[in-house]
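Just so you know, the protein sequences line up as chains Z and V, in that order. Residue 194 is where the first sequence starts when you use the working numbering, and the numbers rise one by one after that. Residue 2 is where the second sequence starts when you use the working numbering, and the numbers rise one by one after that. Let me begin by presenting the structure, written as structure tokens, before commenting on it.
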Amino acid sequence: MRDKLKVANKKFSSRLIVGTGKYKSMSECAKAIKLSGADIVTVAVRRVNIVNKNKPLLMDYIDPKKITYLPNTAGCFTSEDALRTLRLAREIGGWKLVKLEVLGDKKNLFPDMIETLKSTEVLSKEGFKVMVYCNDDPLMAKRLENAGASAIMPLAAPIGSGLGILNKTNILIIRNQTKLPVIIDAGLGQASDATIAMELGCDGVLVNTAIAKAKKPFDMALAFKNAVIAGRQSYLSGRIDKTLMGSPSSPTKGII
Amino acid sequence: MKKLNKIKIKVNGKIKTIIDKLTLHELINDLKIPIRKIAIEFNKEIVDKKKLKKIKLKNKDKIEIVHFIGGG
């Protein structure tokens, strides 16, 4: 089955996007990514350590020629900071496909949608292809689409919470109202959460903490890979209708 | 003999004393940072990496050097 994820006219084999944060080491991160089969990874933009220059660099472990880096504005709380971060990311090596994330609350890490919308408008005008982290509000998702977003990335639950998809109805409404890819971002806890997201018709999922902080990150990376494939196949296969009554699986004729 | 003048600049939030007339390109090289893996902000403006050799550093210049690290 070769049904690819399409974002901003680019095609990707895997519908699983993984974050590169929270791992014990760069080598653990690189191995988990390999096992997950992801071909997009999110990365953060931070100051170079000018004192200890021997610290390992991400690019030495994950080759940006083989894996698509998706620069992210994690940690930004204003539109100004997010724009600054992504403009710098573009300068590092021409990255135009980016993930916008403007947070509004330090405790629950919910997005500030006013700042997010403002940033989406500016970035789209500057030629960025913006994948936008947002809350699960269909009206806001529509506004982001109108502002030029390349993908809608609603949260399942607060970042790193592991709660899974809290509002399936809203995710379904967002999925059904847009032609843009919908990628569940944040809050997944286990592989089955990814399957549910895919069965709702989402185009992909983004996972970081659930893999990086699992007791066995490599096994969990593999579990998420399989879960996303299973969910997508299940969605494309067309599930049966739900009924309140039983329907026997064996013929009733010829019972002895 | 003429003494080399020294100036103070800020790199990634840390004050650094360097000799006068150094270019931004020379500073990055002295810090042994691979240029193709970074982006640079010079006094709050993003610098085109092709123009690093043309920028001469002055006292109180502020430089930010960033790269990609692991993140969600």
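We put the beta carbon where it would ideally sit given N, CA and C, even for glycine.
Which residue's Cα is closest to the Cα of residue i: the options?
{"i": "L25(V)", "options": "I36(V), N6(V) and L5(V)", "result": "I36(V)"}
{"i": "S312(Z)", "options": "V236(Z), F303(Z), K299(Z) and K292(Z)", "result": "K292(Z)"}
{"i": "K451(Z)", "options": "S220(Z), G287(Z) and M219(Z)", "result": "In the structure as shown, chain Z begins at 194 and stops at 449. Residue 451(Z) is therefore absent and cannot be evaluated."}
{"i": "C222(Z)", "options": "P410(Z), G382(Z), P347(Z) and R239(Z)", "result": "P410(Z)"}
{"i": "L381(Z)", "options": "T371(Z), T362(Z) and F417(Z)", "result": "F417(Z)"}
{"i": "N401(Z)", "options": "A237(Z), R195(Z), K197(Z) and I422(Z)", "result": "A237(Z)"}
{"i": "M346(Z)", "options": "L373(Z), N301(Z) and I307(Z)", "result": "L373(Z)"}
{"i": "G73(V)", "options": "S218(Z), K217(Z), E284(Z) and I210(Z)", "result": "I210(Z)"}
{"i": "L356(Z)", "options": "A403(Z), E338(Z) and I226(Z)", "result": "A403(Z)"}
{"i": "V315(Z)", "options": "A342(Z), K408(Z), D386(Z) and S427(Z)", "result": "A342(Z)"}
{"i": "A225(Z)", "options": "P351(Z), A407(Z) and R336(Z)", "result": "A407(Z)"}
{"i": "L290(Z)", "options": "N301(Z), K435(Z) and N265(Z)", "result": "N265(Z)"}
{"i": "K55(V)", "options": "D31(V), G71(V), E27(V) and I70(V)", "result": "E27(V)"}
{"i": "L348(Z)", "options": "A414(Z), I307(Z), N301(Z) and K197(Z)", "result": "N301(Z)"}
{"i": "I243(Z)", "options": "K52(V), V67(V) and I8(V)", "result": "V67(V)"}
{"i": "G353(Z)", "options": "A405(Z), I260(Z), V295(Z) and N245(Z)", "result": "A405(Z)"}
{"i": "V241(Z)", "options": "K215(Z), L281(Z) and M306(Z)", "result": "L281(Z)"}
{"i": "I233(Z)", "options": "K215(Z), K199(Z), Y216(Z) and F270(Z)", "result": "K199(Z)"}
{"i": "P304(Z)", "options": "S317(Z), L263(Z), V325(Z) and G320(Z)", "result": "V325(Z)"}
{"i": "V375(Z)", "options": "R239(Z), A414(Z), E338(Z) and L359(Z)", "result": "E338(Z)"}
{"i": "N247(Z)", "options": "I19(V), K51(V) and I34(V)", "result": "I34(V)"}
{"i": "K299(Z)", "options": "S427(Z), G439(Z) and G268(Z)", "result": "G268(Z)"}
{"i": "M306(Z)", "options": "R336(Z), G212(Z) and I285(Z)", "result": "R336(Z)"}
{"i": "G212(Z)", "options": "I260(Z), K197(Z) and N419(Z)", "result": "I260(Z)"}
Quick check on the burial criterion: 16 or more other C-beta atoms within 10 angstroms. Buried or exposed for residue i?
{"i": "P444(Z)", "result": "exposed"}
{"i": "G424(Z)", "result": "buried"}
{"i": "P441(Z)", "result": "exposed"}
{"i": "S451(Z)", "result": "Within the shown structure, residues of chain Z are numbered from 194 to 449, placing residue 451(Z) beyond reach of any answer."}
{"i": "L5(V)", "result": "exposed"}
{"i": "R195(Z)", "result": "exposed"}
{"i": "R283(Z)", "result": "buried"}
{"i": "L429(Z)", "result": "exposed"}
{"i": "L437(Z)", "result": "exposed"}
{"i": "D31(V)", "result": "exposed"}
{"i": "D378(Z)", "result": "buried"}
{"i": "D396(Z)", "result": "buried"}
{"i": "R432(Z)", "result": "exposed"}
{"i": "E308(Z)", "result": "buried"}
{"i": "D386(Z)", "result": "buried"}
{"i": "E319(Z)", "result": "exposed"}
{"i": "S218(Z)", "result": "exposed"}
{"i": "T388(Z)", "result": "buried"}
{"i": "G71(V)", "result": "buried"}
{"i": "I448(Z)", "result": "exposed"}
{"i": "T235(Z)", "result": "buried"}
{"i": "I20(V)", "result": "exposed"}
{"i": "I16(V)", "result": "exposed"}
{"i": "G214(Z)", "result": "buried"}
Tell me the residue span of the alpha helix (DSSP H) that contains residue i.
{"i": "Y254(Z)", "result": "L251 to Y254"}
{"i": "T362(Z)", "result": "K361 to Q370"}
{"i": "F205(Z)", "result": "It is not in any alpha helix (DSSP H) - F205(Z) instead sits in the beta strand (DSSP E) that spans K203 to F205."}
{"i": "C327(Z)", "result": "Element bounds for C327(Z): not the alpha helix (DSSP H) but the beta strand (DSSP E), K322 to C327."}
{"i": "R239(Z)", "result": "From DSSP, R239(Z) is part of no alpha helix (DSSP H) but of the beta strand (DSSP E) over I233 to R240."}
{"i": "A225(Z)", "result": "M219 to S229"}
{"i": "D274(Z)", "result": "S272 to G286"}
{"i": "E392(Z)", "result": "A384 to E392"}
{"i": "I404(Z)", "result": "T402 to A405"}
{"i": "K7(V)", "result": "K7(V) -> not in any alpha helix (DSSP H); beta strand (DSSP E) instead, spanning K7 to V12."}
{"i": "L337(Z)", "result": "P331 to N339"}
Looking at the unbroken beta strand (DSSP E) that takes in residue i, where does it start and where does it end?
{"i": "L310(Z)", "result": "L310(Z) -> not in any beta strand (DSSP E); alpha helix (DSSP H) instead, spanning M306 to K318."}
{"i": "N265(Z)", "result": "T261 to N265"}
{"i": "P347(Z)", "result": "A344 to P347"}
{"i": "V421(Z)", "result": "Segment P410 to S430 is the alpha helix (DSSP H) holding V421(Z); no beta strand (DSSP E) there."}
{"i": "I376(Z)", "result": "I376 to D378"}
{"i": "E65(V)", "result": "K63 to G71"}
{"i": "L209(Z)", "result": "L209 to G212"}
{"i": "L293(Z)", "result": "L290 to L293"}
{"i": "K59(V)", "result": "Where K59(V) is concerned, there is no enclosing beta strand (DSSP E), given that its DSSP letter is neither H nor E."}
{"i": "V200(Z)", "result": "L198 to V200"}
For the pair the stretch 352-368 of chain Z and the stretch 325-336 of chain Z, tell me if three or more CB-CB distances fall below 8 angstroms. yes
Evaluate contact between the stretch 382-393 of chain Z and the stretch 198-205 of chain Z, counting only Cβ atoms and requiring at least three cross-stretch pairs below 8 angstroms. Proximity of the stretch 382-393 of chain Z to the stretch 198-205 of chain Z falls short of the contact definition, fewer than three beta-carbon pairs being nearer than 8 angstroms.
Segment contact, 8 angstroms Cβ cut-off, at least three pairs: the stretch 58-67 of chain V with the stretch 36-46 of chain V: Enough Cβ pairs lie closer than 8 angstroms, so yes.
Validate contact between the stretch 270-278 of chain Z and the stretch 248-259 of chain Z using beta carbons, cut 8 angstroms, 3 pairs: no
Of all the beta strand (DSSP E) runs that stay within the bounds of the stretch 17-43 of chain V, which reach a length of 3 or more residues? 40-43
Residues of the stretch 226-241 of chain Z with Cβ closer than 8 angstroms to any Cβ of chain A, in chain order: The displayed structure is made up of protein chains Z and V, and chain A is not among them.
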